[in-house]
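Student: The sequence shown begins at 1308 in this note's numbering and counts up by one.
Every residue, glycine too, gets a C-beta built ideally from N, C-alpha and C.
Remember, it's a predicted structure, so these values are computed and weren't measured experimentally.
One structure follows; several queries about it will come next.
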Amino acid sequence: MARKKQQLVNSSRRSFLRNSAVASAVLGAGTAGSLAADYVLNRRVSGAPSMHKRMVLINLFGGADGLNLVVPKTVARYYDRRPDIAIPVGTELSLDTGVNPNALYGLNPAMDRIHQLWQDGDVAIINQVGYPSANRSHFASMDIWSWGVRSGFAGLGVDPSGWVARFAGNYANTTTGVASFRVGRPLDLVGGNGQPLAMNTLATFKLDGESNSNFAANHTLQGEKVLEILQNSTFANDNQAEAANLISTSYAVADQAAMAIANYNSTVDYRSIDGNSNVVRDPGNGLRDMARLINAGFDTKLFYTGLGGWDHHSNILAAQAQRARWLDDAVGAFAQDMKDMGVWDDMAIVIFSEFGRRNFQNGSEGTDHGH
1308 MARKKQQLVN SSRRSFLRNS AVASAVLGAG TAGSLAADYV LNRRVSGAPS
1358 MHKRMVLINL FGGADGLNLV VPKTVARYYD RRPDIAIPVG TELSLDTGVN
1408 PNALYGLNPA MDRIHQLWQD GDVAIINQVG YPSANRSHFA SMDIWSWGVR
1458 SGFAGLGVDP SGWVARFAGN YANTTTGVAS FRVGRPLDLV GGNGQPLAMN
1508 TLATFKLDGE SNSNFAANHT LQGEKVLEIL QNSTFANDNQ AEAANLISTS
1558 YAVADQAAMA IANYNSTVDY RSIDGNSNVV RDPGNGLRDM ARLINAGFDT
1608 KLFYTGLGGW DHHSNILAAQ AQRARWLDDA VGAFAQDMKD MGVWDDMAIV
1658 IFSEFGRRNF QNGSEGTDHG H
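Put into structure tokens, the structure is as follows:
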């Protein structure tokens, strides 16, 4: 498959995306059809080099209430202004022990695995991160963080683009230099000269579509025939050649994704206990797929995923505890996975949200948009 792909003609990715009718017609409108729109890979994966540095971004969509996640347990006003929703005194997970003790704060009691990482010296908490004159609109604030620009791109000498896309173009412009999971194609990844890969899950990143063996076998045969036709075709223009190149590569990438899943034999449990269920929740789904790619030797430098549902205008204690547990279980499992693979010391995880909340509780035992 690699030999066939290398014989296909390359052309401008931008021009191809403007004229992708050939790819759309062959790939169809399902999972594979989204590959063209998401700038799917244009060459095969080469294994990650040793000492490969990686960053994982976890976006807490909705404006997470930081004061109930990182509790200012020595500040009387915190309890005065949140008489019904403050984390009860003494239930927070103390940060006054460990490698870098801090007696001023504690963690939400649902975050025991992240607390252990703190004890080990693997967590840093950065307060008061923001931008001047904070915008309290979810959409406007998310755009500001995603672009990395506050007042437009005029005069900056760069095209409108997300900061992750710009990073990819300059520092991770390889087949899988940047990859996102479970968040669609966030604005952070849009534009630029890089090739960020956006997918829902590795399992759906395939052309077979169904698990039924007959269906899969038929589509495998169909794929082989498509590649054979493309290999023996003469293209009228570079756009058609690039479409053919994309189709060929898509089959190769589908195989690589399947191999990443098949070769991942970790015993780490990413599930969260939620009522009577015990399933993998976001961001655990995305983090587990990242672990599969890392285990398979992909050269990705920056990963992106997220967890929604942090806009707690009411009943914050129970609702936030659930989300905090999902986040904690996922990060704890991923950390263990990375340690087992021997790559934890070359990994940084950044957890962020578009804004915080007001320090006063509202009338619905929640909090409203703040800084």
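Which runs of the beta strand (DSSP E) at least 3 residues long sit entirely within the stretch 1555-1615? Give them in chain order.
Tutor: Entirely contained in the stretch 1555-1615, the beta strand (DSSP E) runs reaching 3 residues are, in chain order, 1578-1581, 1584-1587, 1609-1614.
Student: Could you give the DSSP three-state label for Ile1433: helix, strand or coil?
Tutor: DSSP places Ile1433 in coil when its eight states are reduced to three.
Student: Return yes when the Cβ of Trp1633 is within less than 7 Å of the Cβ of Arg1664, no when it is not.
Tutor: Against a cut-off of 7 Å, the Cβ pair of Trp1633 and Arg1664 comes out as no contact.
Student: On a CA-only basis, which of Val1406, Ile1421, Ser1401 is nearest Tyr1412? Give me that one, please.
Tutor: Closest by alpha carbon: Ser1401.
Student: So is Asp1372 buried or exposed if we call it buried at 16+ other beta carbons inside 10 Å?
Tutor: Buried, since its Cβ has 16 or more Cβ neighbours within 10 Å.
Student: Within a Cβ cutoff of 6 Å, which residues of the same chain sit near Ala1486, ignoring the five residues on either side of it in sequence?
Tutor: The answer, listed in chain order, is Leu1504, Thr1607, Phe1610.
Student: Just how far apart, CA to CA, sit Met1358 and Val1650?
Tutor: Going from the Cα of Met1358 to the Cα of Val1650 covers about 8 Å.
Student: How far does the beta strand (DSSP E) with Met1506 in it reach, from first residue to last?
Tutor: Run containing Met1506: 1504-1506, per the beta strand (DSSP E) assignment.
Student: As a quick exercise: from Arg1599, Val1586, Ala1510, pick the residue whose alpha carbon is nearest that of Ala1561.
Tutor: Selected option, being the one with the closest Cα: Ala1510.
Student: Would you call the CB atoms of Val1377 and Ile1394 closer than 7 Å?
Tutor: No, these two residues do not count as a Cβ contact at 7 Å.
Student: Looking at C-alpha atoms only, which residue of Lys1380, Phe1641, Ala1642 is the closest neighbour of Asn1409?
Tutor: If we check each option's Cα against that of Asn1409, Lys1380 comes out closest.
Student: DSSP on Val1486, reduced to helix/strand/coil?
Tutor: Before going on, a small fix: residue 1486 reads as Ala here, not Val. Residue state, collapsed to three classes: strand.
Student: Since Leu1364 is in the beta strand (DSSP E), which residue starts that stretch and which ends it?
Tutor: Element bounds for Leu1364: 1361-1367.
Student: Apart from the five residues just before and just after Gly1591, which ones in its own chain have a Cβ nearer than 6 Å to its Cβ?
Tutor: Closer than 6 Å at Cβ, skipping near neighbours: Tyr1577, Ala1637.
Student: Is it right to say Gln1502 is buried, meaning 16 or more other beta carbons lie within 10 angstroms of its own, or is it exposed?
Tutor: By the 10 Å Cβ count, Gln1502 comes out buried.
Student: Classify Glu1661 as buried or exposed, calling it buried when 16 or more other Cβ atoms lie within 10 Å of its own Cβ.
Tutor: So Glu1661 counts as buried.
Student: Measure the alpha-carbon distance for Trp1425 versus Gly1462 and round it to whole angstroms.
Tutor: C-alpha separation (whole angstroms): 42 Å.
Student: Going straight from the alpha carbon of Pro1467 to that of Arg1489, what length do you get?
Tutor: So the alpha carbons of these two residues sit roughly 24 Å apart.
Student: In chain order, what residues of the same chain lie with their CB nearer than 6 Å to the CB of Val1575, ignoring the 5 residues before and after it?
Tutor: These residues qualify, in order along the chain: Ala1640, Gln1643, Asp1644.
Student: Quick check on DSSP: helix, strand or coil for Val1333?
Tutor: Unreliable positioning characterises Val1333 in this predicted model, as indicated by a pLDDT of 32, which lies under 50. The coordinate reading is nonetheless provided below. Val1333 falls in the helix class under three-state DSSP.
Student: Check Gly1677 in the structure and name its three-state DSSP category.
Tutor: Looking at Gly1677 - three-state DSSP - the assignment turns out to be coil, as it is neither helix nor strand.
Student: Tell me, please, which residues DSSP counts as bridged to Phe1659.
Tutor: DSSP, once it has assigned bridges, lists Asn1366 as partnering Phe1659.
Student: Per the DSSP calculation, Ser1401 is bridged to which residue(s)?
Tutor: DSSP lists Gly1413 as partners of Ser1401.
Student: Could you spell out where the alpha helix (DSSP H) holding Asn1477 opens and where it closes?
Tutor: Counting along the chain, the alpha helix (DSSP H) containing Asn1477 begins and ends at 1470-1478.
Student: Just to confirm my understanding: we take Gly1476, look at its own chain, exclude 5 residues before and 5 after, and list those with CB closer than 6 Å. What are they?
Tutor: Closer than 6 Å at Cβ, skipping near neighbours: Gly1499, Asn1500, Gly1501.
Student: With a threshold of 8 Å on Cβ separation, who are the neighbours of Tyr1385 within its own chain once the five nearest residues in sequence on each side are excluded?
Tutor: Same-chain partners within the cutoff: Leu1374, Val1378, Pro1379, Ala1393, Asn1666.
Student: Between which residues of its own chain and Met1595 is the CB-CB distance below 7 Å, once the five residues before and five after are set aside?
Tutor: Note on identity: in this sequence residue 1595 is Arg, with Met being the wrong assignment. Once the five neighbours on either side are set aside, the close Cβ partners of Arg1595 are Tyr1577, Val1587.
Student: Give the secondary structure of Met1418 by DSSP, where H, G and I count as helix, E and B as strand, and everything else as coil.
Tutor: The answer is coil: DSSP assigns Met1418 none of H, G, I, E or B.
Student: Note down, in chain order, each residue of its chain lying with its Cβ closer than 6 Å to the Cβ of Ala1655, except the 5 sequence neighbours on either side.
Tutor: Cβ within range, chain order: Met1362.
Student: Among Arg1599, Gly1593, Asn1585, Ala1564, whose alpha-carbon lies nearest the alpha-carbon of Asn1572?
Tutor: With distances taken between Cα atoms, Asn1572 lies closest to Arg1599.
Student: Measure the alpha-carbon distance for Gly1455 versus Gly1469 and round it to whole angstroms.
Tutor: Using only the alpha carbons, I get a separation of about 7 Å.
Student: Does the Cβ of Gln1435 have 16 or more other Cβ atoms within 10 Å, making it buried, or fewer, making it exposed?
Tutor: Gln1435 should be labelled exposed.
Student: Just the C-alpha distance for Glu1399 and Ser1458, rounded to the nearest angstrom, thanks.
Tutor: Near 40 Å, if we compare the C-alpha coordinates of Ser1458 and Glu1399.
Student: Compute the beta-carbon to beta-carbon distance between Gly1484 and His1676, rounded to the nearest angstrom, for a pair I have assumed lies under 8 Å.
Tutor: Not confirmed; about 34 Å, so no contact.
Student: Measuring straight from C-alpha to C-alpha, what distance separates Asn1507 and Asn1669?
Tutor: The alpha-carbon atoms of Asn1507 and Asn1669 are separated by roughly 36 Å.
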